[in-house]
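Chemist:
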Amino acid sequence: MIPDKPLILPEITEYEEKIRVYRAAIFKEKPVIHHITNFVTIYQCARITAFLGAAPIMAFAPEETTQITAKADALVVNTGTLNNTVMASIPKSLEYAGSHHIPVVLDPVGASLSSYRSDFIRFLLNTFHFDVIRCNGAELLNLHGQAALSRGIDGASSSVEIPKVARDLAQKYDCVMACTGARDYICSKDESIVLDRGSELLPTLVGTGCMVNSLIGAYLAVAKSPMAAAACGILTMCLASERAAQSLEKLTQGEKESKSPISPGQKRRCLGSFETALMDAVSEIYTS
Ligand SMILES: Nc1ncnc2c1ncn2[C@@H]1O[C@H](COP(=O)(O)OP(=O)(O)OP(=O)(O)O)[C@@H](O)[C@H]1O
Ligand SMILES: Cc1ncsc1CCO
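Residues in the sequence shown are numbered consecutively from -13, following the numbering used here.
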C-alpha cells in the first residue's frame, strides 16, 4: 500500500519550481495541444492553453483529426458533448497518438450519465493507453463500476474510497489517475499525492476541470513525466484560483467601508470577475 503523500510545504515549493521550469519550456517550445473536447467550455480551454504559453488547436472532424494530431505535442480528449462525429474522431487520433508517442489526457465527463457515454468510455479505456486520466469523484467511481453519485456533470463526492479506487484504476490502466475536487488525489501505480488547495469559488464556475485538462496537456508536452504534469496542472489551477480570490477581495473592498473579509454573498455576485481574475492569474503565475 502506498501512503498518501499530502502535498504540503516544502513539497509545494518543489512543485512551484517545476511549474516555473515547465512554463519556461512551454514559452520556448510553444507546444501544440490538440483538443477534441466539449462544445460548452471549448473557448475557456483554448484561452487557458494560450495564456499558459502553449498553442491550442480545437479540431474534431474525422476527415482531418489524424493530421491535426500529427502536428500536436499532446492530445486532450473530453467526452462532455459526445456525438457521432466526435466518436469517429477520438479513436483515430488516439491510435495515431499511441503509435507516435504523443501524450494523451482523457476526461471521461459524465461517465455515469448514459450508457451511450459509459459504453464509449469503456471502449476507449480497454483499447487505448492514456498518460493521465483526470476526472471528478463521481466519474472516478463510475470508471470503477460503482453506482452513479451525481445527476449532472458535477462530482461533489467525498467518498472515503476515492484514494483506493484511484490507485486501483492507475494500476489497471497503467496511467496517472488525477481525481479532483475539494481534495485532489493524483496517483500512479507507485506514487501518490494529495493536494488540499484551491479557492472554494472554483466549483461555482463551469469547466474548471476541462481547463485543468488543458493545463495538464501543456505540461505533458514538455515534462515527459505524467505524474509531474498532472500535479503541476492541478496545482496551477489551485494556486491561481487562490490569487484570483484575493484580487476579488481587493475589488470588492471598495464596496465597503470596513476592511473585514467580504461575505460569501458578495463573492457570488462577482463570479464573472473571478473567472477573468483566474485567467489573469494563470497567465502570470510563476513566469519569472
Ligand atoms: N471545493 C473546492 N475547493 C477548492 N478547489 C476545488 C473545489 N472543488 C474543485 N476544486 C478544484 O477545481 C478544479 C476542477 O475540479 P472539479 O473536480 O470541480 O472538476 P470537474 O467536476 O471535472 O469540473 P467541470 O466538469 O466543471 O469541468 C480542480 O483544480 C480542483 O482542485
Ligand atoms: C456543462 C457541460 N455539459 C457538458 S460538458 C460541460 C462542461 C463541463 O464539463
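Note that CB positions come from ideal geometry on N, CA and C, so glycine has one too.
Is the region 8 to 18 touching the region 203 to 218 in the sense that three or more CB pairs, one from each, lie closer than 8 Å?
Modeler: As far as the Cβ criterion goes, the region 203 to 218 touches the region 8 to 18, which means the pair count is three or higher.
Chemist: Exposed or buried, which one is ARG255 when buried takes at least 16 other CB atoms within 10 Å?
Modeler: By one-based count along the sequence shown, residue 255 stands at place 269. Under this definition ARG255 is an exposed residue.
Chemist: Mapping DSSP to helix, strand and coil, what is ARG255?
Modeler: Working through the sequence shown from its first residue, we reach residue 255 at position 269. Looking at ARG255 - three-state DSSP - the assignment turns out to be coil, as it is neither helix nor strand.
Chemist: With 16 other CB atoms within 10 Å as the buried threshold, where does THR113 fall?
Modeler: Residue mapping note: residue 113 aligns to position 127 of the sequence shown, counting from 1. So THR113 counts as exposed.
Chemist: On the CB-based measure, 16 or more other CB atoms within 10 Å of its CB, does ASP160 come out buried or exposed?
Modeler: One-based indexing of the sequence shown puts residue 160 at position 174. Label assigned to ASP160: exposed.
Chemist: I need the DSSP call for ILE43, collapsed to helix, strand or coil.
Modeler: The residue given as residue 43 occupies position 57 in the sequence shown. ILE43: strand per DSSP, three-state reduction.
Chemist: Counting pairs of Cβ atoms below 8 Å between the region 84 to 93 and the region 167 to 174, do you hit three or more?
Modeler: These segments do not touch.
Chemist: Can you find at least 3 beta carbon pairs, one from the region 106 to 122 and one from the region 39 to 57, that sit closer than 8 Å?
Modeler: They do not touch, by the three-pair rule.
Chemist: Under 8 Å Cβ to Cβ from HIS115, same chain only, skipping five residues before and after it: list those, please.
Modeler: Taking the first residue of the sequence shown as 1, we reach residue 115 at position 129. Cβ neighbours of HIS115 beyond the five flanking positions: GLY84, VAL90, TYR159, ASP160 and CYS161.
Chemist: Got a sec: does ligand 2 put a non-hydrogen atom nearer than 6 Å to the Cβ of THR71?
Modeler: Here residue 71 refers to the residue found at position 85 when the sequence shown is read from its first residue. No, the beta carbon of THR71 sits no closer than 6 Å to any heavy atom of ligand 2.
Chemist: Below 7 Å CB to CB, which residues in the same chain sit around ILE148 once its five sequence neighbours on both sides are set aside?
Modeler: Residue 148 sits at position 162 when you count from the first residue of the sequence shown. The answer, listed in chain order, is GLY123, LEU126, CYS165 and TYR171.
Chemist: Quick check on this structure: which residue in THR262, ILE22, LEU181 and GLU15 has the alpha carbon closest to the alpha carbon of GLY219?
Modeler: For this step, residue 219 is matched to residue 233 along the sequence shown. GLY219 has its Cα closest to that of LEU181, out of THR262, ILE22, LEU181 and GLU15.
Chemist: According to DSSP, is ALA209 part of a helix, a strand, or is it coil?
Modeler: For the purposes of this step, residue 209 is taken as the residue at position 223 of the sequence shown. Helix at ALA209.
Chemist: Are the region 9 to 27 and the region 40 to 53 in contact at 8 Å, needing three or more beta carbon pairs?
Modeler: In short, these stretches touch, since the Cβ pair count reaches three.
Chemist: Check the DSSP bridge columns for MET163 and list the partner residues they point to.
Modeler: Mapped onto the sequence shown, residue 163 falls at position 177. Answer is ILE119 and CYS173, bridged to MET163.
Chemist: Would you mind working out which of PHE260, THR67, THR(-1) and ILE119 sits nearest LEU99, comparing C-alpha positions?
Modeler: The residue given as residue 99 occupies position 113 in the sequence shown. Among PHE260, THR67, THR(-1) and ILE119, the Cα nearest to that of LEU99 belongs to THR67.
Chemist: Tell me which residues share the same chain as SER233 and place their Cβ nearer than 7 Å to its Cβ, disregarding the 5 neighbours each side in the sequence.
Modeler: Along the sequence shown, read from residue 1 onward, the residue named residue 233 stands at position 247. Excluding positions up to five away in sequence, the list reads ALA263.
Chemist: Taking LEU80 as part of the beta strand (DSSP E), name the residues at either end of that continuous run.
Modeler: To locate residue 80, count along the sequence shown from 1; it is residue 94. Careful: LEU80 lies outside any beta strand (DSSP E), inside the alpha helix (DSSP H) at 70 to 85.
Chemist: Would you say the beta carbon of THR27 is closer than 6 Å to some non-hydrogen atom of ligand 2?
Modeler: Walking along the sequence shown from the start, residue 27 turns up at place 41. THR27: yes, Cβ under 6 Å from ligand 2.
Chemist: Taking all protein chains shown into account, decide if SER200 is buried (16 or more other Cβ within 10 angstroms of its Cβ) or exposed.
Modeler: Within the sequence shown, the letter at position 214 stands for residue 200. When all chains shown are included, SER200 counts as buried.
Chemist: Measuring straight from C-alpha to C-alpha, what distance separates VAL235 and SER75?
Modeler: Position 249 of the sequence shown, counted from the first residue, corresponds to residue 235. Position 89 of the sequence shown, counted from the first residue, corresponds to residue 75. The sequence as given places Glu at residue 235; Val does not occur at that position. So the two alpha carbons sit approximately 44 Å from each other.
Chemist: With DSSP as the reference, label ILE179 as helix, strand or coil.
Modeler: Mapped onto the sequence shown, residue 179 falls at position 193. In the structure shown, ILE179 sits in a strand (DSSP, three-state: E or B).
Chemist: Report buried or exposed for THR35, applying the criterion of at least 16 other Cβ atoms within 10 angstroms of its Cβ.
Modeler: As a position in the sequence shown, residue 35 is number 49, starting the count at 1. Flag for THR35 reads buried.
Chemist: Counting contacts by CB-CB distance shorter than 7 Å, is HIS20 in contact with chain C?
Modeler: The structure shown has no chain C; it contains just one protein chain.
Chemist: Out of CYS224, PHE46 and ASP266, state which residue places its alpha-carbon closest to the alpha-carbon of VAL63.
Modeler: On the sequence shown, position 77 is the one that residue 63 refers to. The option with the nearest alpha carbon to VAL63 is PHE46.
Chemist: Please report the distance separating the alpha-carbon of VAL192 from that of LEU257.
Modeler: Mapped onto the sequence shown, residue 192 falls at position 206. Mapped onto the sequence shown, residue 257 falls at position 271. Each residue's Cα considered, the two are about 11 Å apart.
Chemist: Is it true that the CB of CYS31 sits closer than 7 Å to the CB of MET265?
Modeler: Counted from its first residue, the sequence shown places residue 265 at position 279. Counted from its first residue, the sequence shown places residue 31 at position 45. Their beta carbons are not under 7 Å apart, which means MET265 does not touch CYS31 by this criterion.
Chemist: Let me check you understand the geometry: is the CB of GLU2 closer than 6 Å to at least one non-hydrogen atom of ligand 1?
Modeler: Taking the sequence shown and counting its residues from 1, the one referred to as residue 2 is at position 16. Not under cutoff, so the answer is no.
Chemist: Please check the pair ILE119 and LEU80, which I expect to be a contact at CB under 8 Å, by giving their CB distance rounded to whole angstroms.
Modeler: Sequence index remark: in the sequence shown, residue 119 carries index 133 (1-based). Sequence index remark: in the sequence shown, residue 80 carries index 94 (1-based). Their Cβ separation, rounded to whole angstroms, is 13 Å, which puts ILE119 and LEU80 out of contact at 8 Å.
Chemist: DSSP on LEU38, reduced to helix/strand/coil?
Modeler: Sequence index remark: in the sequence shown, residue 38 carries index 52 (1-based). In the structure shown, LEU38 sits in a helix (DSSP, three-state: H, G or I).
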